[in-house]
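Take a look at the structure below.
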Amino acid sequence: MNKNNHRTYETRLTIPFHDLDPMQIVWHGNYLKYFDMARFGLFHEAGVDLYSVYEENQYIFPITRTSAKHILPLRYGDEIVCKATLVEARIKIVLDFEIRLAESGTVCTKGRGEQLAVKIPEMETLFQIPGLVREALGG
């Protein structure tokens with residue numbers, strides 16, 4: 048939890064060569080991969096395994112919106128910290144993301160992701176996050 052009582056999680060990564068585009072900077076789609084790694088860590092640390100929730104309760108949580116503001120490019124070998132901060136977990140799951148250089152703390156990217164709960168096999172969108180997930184995340 049951070050000072051605003053929001054659950055946070057940070058993961059440290061080294062940018063691999065295969066994440067680069069022809070301009071030798073990280074290809075824009077890989078930023079979402081880094082966001083997802085931090086999201087997974089936040090959920091895991093909270094005891095939320097979305098695959099188990101799917102198997103046991105027939106809920107899925109599709110991503111409905113993402114955004115990224117690219118401030119500075121990431122390059123091969125950069126040591127980065129990707130931080131996920133839970134903003135909301137009542138009606139939808141909303142996470143803010145920040146990628147910064149590990150050594151200097153320079154912010155390179157900011158983003159946001161949103162997920163809704165869907166009951167399957169009906170494919171019915173729910174208007175709140177199921178209690179078991181909401182409570183685990185502290186929403």
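Numbering-wise (our numbering), the sequence shown opens with residue 48 and increments by one. All C-beta atoms in this analysis are idealised placements derived from N, C-alpha and C, irrespective of residue type, glycine included.
*the stretch 154-167 contacting the stretch 108-124, beta-carbon criterion three pairs below 8 Å*: yes
*Close Cβ partners of E34 (< 6 Å) along its chain, the five nearest in sequence each way excluded*: Nothing in the structure corresponds to residue 34, since the chain is present only between 48 and 186.
*Every unbroken beta strand (DSSP E) inside the stretch 67-145 [3 residues or more]*: 110-117, 126-136
_Can you tell me whether E182 is helix, strand or coil according to DSSP?_
helix
*For K139 and Q105, believed in contact at Cβ under 8 Å, the rounded distance*: Q105 to K139, Cβ: 18 Å. No contact.
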